[in-house]
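Okay, so here's the structure we're looking at.
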Amino acid sequence: MHSIHRYPALYLAAGLAAGIALAPRLPASGCTAGLVGGAFAAAGVPLVYRLAGRRLVSPAPLTATALVVIAAASLGAASYLSFNRHVFANEVALQHASAPGAALLYGRVAGVPRRDSTRTVFTLAIDSVDALPRPSRASGSVRITIRDTLSGLSAGQRIRIRARISIPQGQRNPHAFSYRAYLAHQGIHTVGTVDTRAGLDVLAPAAGLDRRLDAVRRFIERALAHSVQAPEARGIVRALLTGNRDDLDPERMAQLSRTGLSHLLAVSGLHVLLVGMLLYSHLGPLLMRFGMSWRWMESARAVATLAVLVGYGLLVGGRPSVVRAVVMAGSVLAGHLFQRPVYPLNGLGVAGAALLIIHPASLFDLGFQLSFAAVGAIVGFGDAWQRRMPASVRDHRVSAWLSGMLLVSAAATLGTAPVMVRQWGEVPVAGVLLNIPAIPAASLALICGLLTVLTYGLNTGISEAFGAVTERAVQAVVLVADRGDAWLPFLRIPVAWNGVAGLVVFCGLLGILHPGLSARWRWRLALVALAAVLGSMLEQATRAPALTVLYFDVGQGDAALVRFPNGRHLLIDAGPADGYVDQGERTILPFLLHAGIRKIDTVLLTHPHSDHIGGLPAVLRRVSVGRIVLNMEDYAHPTMQDIQQLAARNGVRLQQVTAGDTLAIDPTVHALVLAPSSAPSLSSNPNERSVVLRVQYGDTRFLFMGDAEAGAERELVTRYPQLLRAEAIKVGHHGSRTSSTAGMVDRVAVASGGRAVVSVARVNRYGLPDEDVLARWEAAGVDLLSTDRRGAIWLRSDGTQVAELDWR
């Protein structure tokens, strides 16, 4: 009973989270039912205690706690359904109010705009829409992207903007990022695009608090621009102080994530400790000198510290991590002020409940999940582990600090492991070691960065001195990240998320590692976790053998992954990579990591065009590859030079093939190369020398055409007239009119019921796929599947027939 009453807010937050997590699976009509059910559950709490009377042993506390959790879950589900229905209705109204593709929107800029070298992105809280057929009132939020850098745009400004309105893009590939879901969890269901700044007019400046906060942000930027010389160091310090990551190199961010150090740039507990609690500790003695009584002194410094923390939270944009830290700090201050015991887990529950009540969709925010999981694990495990350390370690200052850092980092890594596995497919254990030098360096950078800003208006020389120290501290953090990335790549532990079984194993691991649990319960949890592992292995072992082909949606390019019945994998092309997106990093790797695929046995490159080979370097850096198969062409492409260097460094064999060769991957599958022929080509077009592969499993056949055009197709029809029939074909050259000749289509689609897959971008400058080509395949009785309409396409063959898998 004591523990139940010690953490009431934690149970409240858990109930709210459970209800919100279940809400997306409930009908919208469940809002009223949830409120009624929650009211009945809450009303049952006093009734339970009344019925229990004065009995010494009573189930009343446990029953009351269960009722509170049920009431909170009902409230959470109802609030999420109400929030989502309200926002969705407004966004749908906006969609219908807008003219085809464009609308004139009025509203205020909500939050701090994000900028990079090519665009500005912000959220517009709209109040009206001036569009055909008539102006109308509206509400809700629209995510606006302007293809220009606008330095004068700030939070709180009222603007008028003409934008093309659309529904955000949903998930296009398995385990890939869904922009639509990401925005929906923020209450945004509509996006707008503007080509130039000419489409935007500022009608009124920011007022009140928004104006003051913007002035502070600009002052910080001026101070850092003057006192911190190195651009990268300046960008990292800016992220440390304000949470603004506009100036950070994406590769540096990816490196910090790989090494488990990305939390250093998240405005959270470290910042609150340095910004607020140092003020609190030094303000007491100062106020006592003015003759204040203890009560007045405690009240004054608690209020002043909390005001500074709230202001800092508003300055950095009210992110979940900083709100959690501020609320927990507030609970500690209140405990000191009223001389009541402070329980960190209860403070964590207060912060979680507050965030979920104000904004239910916060539960689905990655920052919310990482922040609360890390702090919960540190409080629940870190302290318990430290208490079990030998006295000789705890009593020595250096060893106590080192062991504390290790145990806290280990606890945070353990707590956030499920989130990281679901998000990235791996756990960066290197952060446990790298945090020991990185956290002090980041703390020094944060303290000196604050002093740089505070002294800028007083003495520029002192500000420059602090700026120089800040720069050196940031360089130390970068050095730790560089060395960790180069020396400890083996500490990025890949883990395939396995649904319920994975969750059971994780919960069992938590129980086993907690020192406060009895040995009996540890053995029980270990057996449950072992049973889950064995059950998962048995399910995989008894699964019927099959061949699957996943045609990735990589925009204007090609990439397909073939999984053979024996578990080996063949990657055919790897999509494009350019200055905007690397499809190997963005699309292929997330799937491989989440699916637990750590080795690709064979990579087939059909021909040396960037839309087919651009994503392979990213794959080679993260995944083991057995061999790379390619045609006899001279690959002078710069990307191919990178591929050859990476292959040589990793010991990957390069193998050239011509028509008639076979790829030995699985003895139950016949993989035959149909093109190019060994004879010299009369055409200078690399497309005509594309590798064409035929894969047969049982009675089913798959054709992969690369970018083979009419000449190559005529040669195939002449040489292999009986081998071209297929239940699935990857249409040549993205559905271009240069391919899919009538003779080829007739040979492939001898009987109806097959599938033709077109890999093409939704928007491309080539006008693909060609309408005549699509009509030709449809006339042949083939089921036409296109990545621009469907996203990724996943086919499965059991040896007798081919079926499409629903991966969404």
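The sequence shown lines up with residues 15 to 822 when you count with the working numbering.
Don't be surprised by glycine CBs; every beta carbon is placed ideally from N, CA and C.
For V683, the enclosing beta strand (DSSP E) starts and ends at 683-689. Residue state for L788 is assigned as helix, using DSSP reduced to three classes. Only buried fits E312, as 16 or more other CB atoms lie within 10 angstroms of its CB. The straight-line gap separating the alpha-carbon atoms of A244 and D224 is approximately 30 angstroms. Its Cα nearest to that of F97, the residue Q200 stands out among Q200, S477, R636, V492. Assignment of W821 by DSSP, reduced to helix, strand and coil, places it in the coil class. Here L585 really is in contact with V617; their C-beta atoms are around 5 angstroms apart, less than 8 angstroms. W308 sits exposed, since fewer than 16 C-beta atoms from the chains shown fall within 10 Å of its C-beta. DSSP places R557 in the coil class of the three-state scheme, outside both helix and strand. Among the bridge pairs identified by DSSP, P264 is matched with none. From the listed residues G805, F304, L118, A85, the smallest Cα separation to G569 is found for G805. In the three-state scheme derived from DSSP, where H, G and I count as helix and E and B as strand, E741 is classed as coil.
Here the alpha carbons of A32 and L40 stand approximately 13 angstroms from one another.
DSSP, read as helix, strand or coil, puts G305 in coil. Note that the C-beta distance between V745 and V772 is below 7 angstroms. Of the other Cβ atoms in all chains shown, 16 or more fall within 10 Å of the Cβ of A452; this residue is therefore buried. DSSP, reduced to helix, strand and coil, places Q400 within a helical segment of the structure shown. Sequence-distant Cβ neighbours of Q269 in its own chain, meaning closer than 6 angstroms and more than five residues away, are A495, D499. For L380, same chain residues with a beta-carbon under 8 angstroms away, outside a window of 5 residues either side, are V433, Q437 in chain order. Here I175 is buried. Its C-beta has 16 or more other C-beta atoms within 10 Å. The beta carbon of Q670 lies closer than 7 angstroms to those of L644, N645, M646 in the same chain, with the five residues before and after it left out. The C-alpha of A724 is placed about 30 angstroms away from the C-alpha of I602.
In terms of CA proximity to A23, A368 leads the group A368, S282, T132, V346.
C-alpha of H189 to C-alpha of F605: approximately 5 angstroms in a straight line. The DSSP-derived three-state label of E440 is strand.
When the alpha-carbon of S457 is set against those of H277, A169, G344, the nearest one is in H277. According to the DSSP assignment, Q243 belongs to no beta strand (DSSP E), since it is labelled neither H nor E.
Beta-bridge annotation (DSSP): H583 is paired with R577.
Between the stretch 294-302 and the stretch 458-468 there are fewer than three inter-stretch CB-CB distances shorter than 8 angstroms, so the stretches are not counted as touching.
For Q736, DSSP assigns no beta-bridge partner whatsoever. Within the model, the alpha-carbon separation for A560 versus Q815 is close to 10 angstroms. Remark: fewer than three beta-carbon pairs, one from each stretch, lie closer than 8 angstroms, so the stretch 411-421 and the stretch 210-227 are not flagged as touching. Per DSSP, Y193 lies in no beta strand (DSSP E); the unbroken alpha helix (DSSP H) holding it starts and ends at 193-198.
Rounded to the nearest angstrom, the Cβ distance from V156 to T204 is 5 angstroms, consistent with a contact under 8 angstroms. 7 angstroms or more divides the Cβ of L630 from the Cβ of G439. Counting only the Cα atoms, G331 lies some 12 angstroms from L323.
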